[in-house]
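Note sheet for the following structure.
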Amino acid sequence: MSLDIEDRSMTAEGGGHALLEPGRNVWRVETAGRVATLVDAANYYGALRDTLRQARHSIIIIGWDIDSRTPLVGADGETGDDLPRNLGPFLTELVTRRPELSVKLLLWDYFALYSFEREKMPALTLQWTTPPQIELCLDKMLPIGASHHQKVVVVDDCVAFAGGLDLTIKRWDTCDHAPDNPLRCDPAGEAYQPFHDVQMMVDGDAARALGDLARERWRRVTYETLQPIRAEADCWPESVAPEFRDVPVGVARTHPSYGAEPEIREIEKLFHDQIERAERSLYIENQYVTCLTVAEKLARRLRERPGLEVVIVAPRVYQSWIEQQSMLAGRIRFMRHLQEAGLADRVRLLAPVIGPPDDATDIKIHSKLVITDDRLLRIGSANLCNRSFGLDTECDLVLAAESEEQRAGVAATRNRLLAEHCGASPEEMAAALQQHDGSLFAALDALAGRERRLVPIDDSALQSELFTQLGLVADPDGPISVEELLHDPKADPPRESRLAGLIKIGLVILVVVALVLSWRYTPLSEWASTENIANLFGQAAASPWALPIVIGIYAAASLVVFPITLLIAATAAAFGTWQGLLFATLGSMVSAMVTYTAGRKLGARMLRRYMGPRMNRVASRVKDNGILAVTMLRLMPTAPFTLVNMIAGATKIRVLDYTIGTFLGLAPGILAMSALGGRIMNVLRDPTFLDVAIFVAIMIAWFGLSFLLQTAMTRFRKAEA
Numbered sequence: 011m012s013l014d015i016e017d018r019s020m021t022a023e024g025g026g027h028a029l030l031e032p033g034r035n036v037w038r039v040e041t042a043g044r045v046a047t048l049v050d051a052a053n054y055y056g057a058l059r060d061t062l063r064q065a066r067h068s069i070i071i072i073g074w075d076i077d078s079r080t081p082l083v084g085a086d087g088e089t090g091d092d093l094p095r096n097l098g099p100f101l102t103e104l105v106t107r108r109p110e111l112s113v114k115l116l117l118w119d120y121f122a123l124y125s126f127e128r129e130k131m132p133a134l135t136l137q138w139t140t141p142p143q144i145e146l147c148l149d150k151m152l153p154i155g156a157s158h159h160q161k162v163v164v165v166d167d168c169v170a171f172a173g174g175l176d177l178t179i180k181r182w183d184t185c186d187h188a189p190d191n192p193l194r195c196d197p198a199g200e201a202y203q204p205f206h207d208v209q210m211m212v213d214g215d216a217a218r219a220l221g222d223l224a225r226e227r228w229r230r231v232t233y234e235t236l237q238p239i240r241a242e243a244d245c246w247p248e249s250v251a252p253e254f255r256d257v258p259v260g261v262a263r264t265h266p267s268y269g270a271e272p273e274i275r276e277i278e279k280l281f282h283d284q285i286e287r288a289e290r291s292l293y294i295e296n297q298y299v300t301c302l303t304v305a306e307k308l309a310r311r312l313r314e315r316p317g318l319e320v321v322i323v324a325p326r327v328y329q330s331w332i333e334q335q336s337m338l339a340g341r342i343r344f345m346r347h348l349q350e351a352g353l354a355d356r357v358r359l360l361a362p363v364i365g366p367p368d369d370a371t372d373i374k375i376h377s378k379l380v381i382t383d384d385r386l387l388r389i390g391s392a393n394l395c396n397r398s399f400g401l402d403t404e405c406d407l408v409l410a411a412e413s414e415e416q417r418a419g420v421a422a423t424r425n426r427l428l429a430e431h432c433g434a435s436p437e438e439m440a441a442a443l444q445q446h447d448g449s450l451f452a453a454l455d456a457l458a459g460r461e462r463r464l465v466p467i468d469d470s471a472l473q474s475e476l477f478t479q480l481g482l483v484a485d486p487d488g489p490i491s492v493e494e495l496l497h498d499p500k501a502d503p504p505r506e507s508r509l510a511g512l513i514k515i516g517l518v519i520l521v522v523v524a525l526v527l528s529w530r531y532t533p534l535s536e537w538a539s540t541e542n543i544a545n546l547f548g549q550a551a552a553s554p555w556a557l558p559i560v561i562g563i564y565a566a567a568s569l570v571v572f573p574i575t576l577l578i579a580a581t582a583a584a585f586g587t588w589q590g591l592l593f594a595t596l597g598s599m600v601s602a603m604v605t606y607t608a609g610r611k612l613g614a615r616m617l618r619r620y621m622g623p624r625m626n627r628v629a630s631r632v633k634d635n636g637i638l639a640v641t642m643l644r645l646m647p648t649a650p651f652t653l654v655n656m657i658a659g660a661t662k663i664r665v666l667d668y669t670i671g672t673f674l675g676l677a678p679g680i681l682a683m684s685a686l687g688g689r690i691m692n693v694l695r696d697p698t699f700l701d702v703a704i705f706v707a708i709m710i711a712w713f714g715l716s717f718l719l720q721t722a723m724t725r726f727r728k729a730e731a
């Protein structure tokens with residue numbers, strides 16, 4: 011159940027939940043009947059496996075990365091059951107045994123920069139070759155430069171997990187982080203460095219809130235509404251002992267402004283509020299520490315509370331060159347601000363290592379955790395950086411201790427984490443803190459010098475101004491707009507919709523020019539070329555059956571998703587202006603009707619199986635807006651010609667609307683290419699600058715017209731509303 015508004019008025023001494031304000035620094039505050047903190051991936055993956063085995067209705071997994079090869083095993087590396095070890099086969103066998111179980115996977119449609127680090131073709135392993143109950147959707151409904159960074163799993167709305175851990179490779183590790191653990195290796199058998207992270211596990215109303223969050227993310231990407239699960243079964247596994255009971259848990263988010271969706275910066279406000287409430291200690295684990303506004307608030311609070319100590323645990327070095335150069339500069343600025351404020355001795359930036367001083371192994375810190383005194387425990391996906399506050403999608407959970415028992419639990423979690431990094435037991439850490447009157451610094455000093463230890467991070471000075479600028483681009487505090495990168499102070503900034511249209515036009519023109527060049531300079535010209543098809547049509551031209559032959563080729567080509575534009579160009583080259591115009595128009599319309607009919611016969615369910623939930627976005631545009639929608643999809647295609655046709659058929663758009671819209675949408679291109687007639691072969695076979703310029707000019711005019719139609723349609727819809 012949600013907390014009443016009156017709860018907010020309570021003082022900090024009365025309960026940590028006084029800090030949590032729905033609509034400001036959290037989205038919702040709900041009670042969790044049970045809460046557990048799962049330290050390191052072996053504990054998380056083991057607990058998750060035991061929970062997933064109890065799922066009966068629904069599993070929703072959303073993440074920055076999802077890999078079918080992820081080992082779902084605990085610290086001993088064993089499954090403990092007769093199901094497959096790795097995520098993909100595990101889910102496949104699970105839904106095979108329980109046909110009523112639905113599994114939804116929402117994965118960020120990642121930037122090409124990460125393609126070498128991720129599983130190739132995730133749709134192949136998690137959609138196309140799995141039972142139909144498992145559906146994968148790639149999420150690219152984000153501004154330029156943003157990533158979907160939430161890591162959430164919801165099982166039957168009964169138990170949910172959120173934190174810093176994705177279900178992907180190179181994450182699994184145990185709490186001892188042994189440098190030579192043979193189980194810590196990637197699918198190729200290559201060992202990777204020790205890895206530390208934290209996940210929170212909740213049930214009750216808090217789990218249902220995360221279910222609502224996951225369903226909303228699915229809806230905005232797929233246009234599909236999933237129903238909440240009302241089952242009363244208890245999914246909490248016996249293998250996990252809860253550390254808290256009946257405690258308020260806040261859900262905080264970051265979501266960038268995108269289209270009509272407003273910006274959400276709850277996580278940023280919660281960071282600031284946690285700092286402003288700190289009295290004796292602030293314990294932070296985070297992969298990136300770059301946000302200067304947090305450094306400023308931290309400096310202000312340190313001046314206000316002379317007894318406050320801050321411990322920040324972060325990676326000693328970053329493994330990738332981009333991380334090292336872009337995020338390191340921000341961390342240096344963060345710590346330099348505290349040094350210039352004369353507060354460097356009150357903040358310790360530390361990194362965990364294991365092994366002898368002359369051959370120590372770094373332990374990678376990937377966790378995102380903040381503990382304020384013994385009152386607020388926060389675990390999530392958000393880094394302490396600008397992009398996590400305003401650009402990427404994030405989800406954090408914050409537990410607000412109300413009773414003395416809950417406060418003791420928060421302190422125990424902090425002590426357990428510090429003890430892990432120091433190679434000590436939680437009892438030793440608690441004793442050291444008690445002996446030194448609660449001082450984190452003194453307790454750490456008392457336990458220093460062990461094989462596992464925390465060492466000071468000594469960042470070098472900024473290497474060059476280039477890296478400073480790289481950091482500003484890699485870690486912006488909001489969506490990156492083209493007008494900011496190419497700002498003209500004399501011009502009014504263009505509207506977002508106009509800018510998006512111009513970007514699409516420019517990209518399409520670049521693709522067309524690239525295709526022209528590739529046909530001339532690559533082996534592509536030896537097959538699937540306009541010239542070969544034109545020769546084929548030319549041979550048919552002498553036949554009295556030329557028209558049915560051409561129409562047959564169009565129909566057959568549409569079934570193998572052959573580009574319609576190539577066929578139109580070849581027709582114009584082979585038959586000239588007027589005959590080419592007639593043949594291309596009839597061929598295009600027939601091929602459109604063939605694939606429309608195929609889609610109608612196959613039905614939406616079959617298409618969804620092979621195309622995934624993303625077909626909903628195209629389908630909604632086609633079905634709801636009739637002639638204009640089909641026209642715009644032809645002029646500014648959001649999917650290949652054949653795919654649009656089949657979706658139109660599967661969604662049973664009216665035949666008349668579909669036919670008229672298809673004709674209007676294809677007409678500009680057919681007219682343009684037919685007008686070129688034989689000259690189009692010059693562009694493809696031996697292009698001169700003039701030929702290419704004419705061709706590009708026609709394409710600009712074509713897409714310019716589509717942009718004007720899109721603007722008119724948008725205004726028409728607004729007028730209707």
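Letter by letter, the sequence shown follows residues 11 to 731 in this note's numbering. Ideal placement from N, C-alpha and C gives every residue a C-beta, glycine not left out.
State the CB to CB distance for the pair Q203 and K374, rounded to an integer number of angstroms; the pair is presumed to be in contact (CB under 8 angstroms).
Here Q203 really is in contact with K374; their C-beta atoms are around 5 angstroms apart, less than 8 angstroms.
Please state the DSSP three-state secondary structure of P192.
In the structure shown, the three-state DSSP call for P192 is coil.
Would you decide whether L97 is buried or exposed? Buried here means 16 or more other CB atoms lie within 10 Å of its CB.
L97 is buried by the Cβ-count criterion.
When the distance is taken between beta carbons, is L464 closer than 9 angstroms to E438?
The beta carbons of E438 and L464 sit no closer together than 9 angstroms.
Beta-carbon proximity check, R227 vs Q160, cutoff 9 angstroms:
Yes; because the gap between Cβ atoms is below 9 angstroms, this pair is in contact.
With 9 angstroms set as the bound, which would you pick, yes or no: does the beta-carbon of A440 sit closer than that to a beta-carbon of chain B?
Absent from the structure is chain B; it holds one protein chain and no more.
Nearest to G169 (by Cα), restricted to the options M210, G586, P141, A660
In the sequence on display, residue 169 carries Val and not Gly. V169 has its Cα closest to that of M210, out of M210, G586, P141, A660.
Give me the Cβ distance between I277 and D176, rounded to the nearest whole Å; I'm assuming they're in contact under 8 angstroms.
With a Cβ gap of about 18 angstroms, I277 and D176 do not count as contacting.
Hey, out of T41, V299, L223, L280, whose CA is closest to V257's CA?
That would be T41, whose Cα lies nearest to the Cα of V257.
Cα-Cα separation between D792 and T575, rounded to whole angstroms:
Outside the shown range of the chain (11 to 731) lies residue 792, about which nothing can therefore be said.
Less than 9 angstroms between the beta carbons of D406 and A241, yes or no?
No, the Cβ-Cβ distance between D406 and A241 is not below 9 angstroms.
Here's the rule: buried if 16 or more other CB atoms are within 10 angstroms of the residue's CB, otherwise exposed. What is A57?
Result: buried.
Take the Cβ of W537 as the centre, count every other Cβ of all protein chains shown within 10 Å, and call the residue buried at 16 or more, exposed below.
Since pLDDT at W537 reaches only 45, below the 50 mark, its modelled position is unreliable, and the value read off the structure follows with that caveat. Exposed: under 16 other Cβ atoms inside 10 Å.
For R287, which option in T47, L386, K611 has the closest C-alpha, if you only look at C-alpha atoms?
Minimum Cα distance to R287 is reached at L386.
Indicate whether the contact test is met: 3 or more Cβ pairs, each with one atom in the segment 267-274 and one in the segment 181-196, closer than 8 angstroms.
Judged by pairs of C-beta atoms under 8 angstroms, the segment 267-274 does not touch the segment 181-196, as fewer than three such pairs exist.
Span separating the alpha-carbon of T532 from that of V165:
Because T532 carries a pLDDT of 48, less than 50, the predicted location of this residue cannot be relied on, and no value is offered for it.
Comparing alpha-carbon positions, which option in T178, L338, R426, Q549 lies nearest C185?
Measuring from the Cα of C185, the nearest candidate turns out to be R426.
Identify the continuous alpha helix (DSSP H) that holds R7 and give its terminal residues.
In the structure displayed, the chain extends from 11 to 731; residue 7 sits before or after that span and is not available.
I need the boundaries of the beta strand (DSSP E) containing A170, first residue and last residue.
Residues 169-173.
Please name the residue, chosen from L394, R343, G221, that lies closest to D167 on a Cα-to-Cα basis.
Per the C-alpha coordinates, the member of L394, R343, G221 positioned closest to D167 is G221.
Is the segment 192-201 in contact with the segment 146-162, if contact means three or more CB pairs nearer than 8 angstroms?
Using a Cβ-Cβ distance cut-off of 8 angstroms, the segment 192-201 and the segment 146-162 are not in contact, since fewer than three pairs of beta carbons, one from each stretch, lie closer than that value.
Locate the beta strand (DSSP E) running through M210, then write down its first and last residues.
Unbroken beta strand (DSSP E) run through M210: 208-213.
The segment 386-397 contacting the segment 363-372, beta-carbon criterion three pairs below 8 angstroms
Because the criterion of three Cβ pairs below 8 angstroms is not met, the segment 386-397 and the segment 363-372 do not touch.
Is there contact here, the segment 439-459 with the segment 303-314, by at least three beta-carbon pairs under 8 angstroms?
Because the criterion of three Cβ pairs below 8 angstroms is not met, the segment 439-459 and the segment 303-314 do not touch.
Name the residue from F344, I563, H206 whose alpha carbon lies nearest to the alpha carbon of L48.
Among F344, I563, H206, the Cα nearest to that of L48 is on H206.
The segment 353-366 in contact with the segment 245-257 per 3-pair CB rule at 8 angstroms
Result no; under three Cβ-Cβ pairs closer than 8 angstroms.
Could you have a look at N96 and say whether DSSP puts it in helix, strand or coil?
For N96, the three-state secondary structure derived from DSSP is strand.
Following the continuous beta strand (DSSP E) through V380, name the residue where it begins and the one where it ends.
That run of the beta strand (DSSP E) goes 378-382.
Whole-angstrom C-beta distance between F399 and R275, which should lie under 8 angstroms
Yes, R275 and F399 are in contact; Cβ-Cβ is about 6 angstroms, under 8 angstroms.
8 angstroms CB neighbourhood of F344 in its chain, flanking five on each side removed
Counting only Cβ-Cβ distances below 8 angstroms, and skipping sequence neighbours, we find V299, T300, C301, L302, V304, A305.
Separation of A658 from G609, as counted between CA atoms:
Cα to Cα, the separation comes out at about 7 angstroms.
Under the rule that 16 or more other beta-carbon atoms within 10 Å means buried, what is G90, buried or exposed?
Around the beta carbon of G90, a 10 Å sphere encloses fewer than 16 other beta carbons of the protein chains shown; the residue is thus reported as exposed.
Identified DSSP bridge partners for E404:
T264.
For E461 and P366, the rounded distance between their alpha carbons
If you draw a straight line from the Cα of P366 to the Cα of E461, it comes to about 6 angstroms.
Going by other Cβ atoms of all chains shown within 10 Å of its Cβ, with 16 needed for buried, is P362 buried or exposed?
The residue is buried, with at least 16 neighbouring Cβ atoms inside 10 Å.
In whole angstroms, what is the alpha-carbon distance linking G586 and D667?
One Cα belongs to G586, the other to D667, and the distance between them is close to 30 angstroms.
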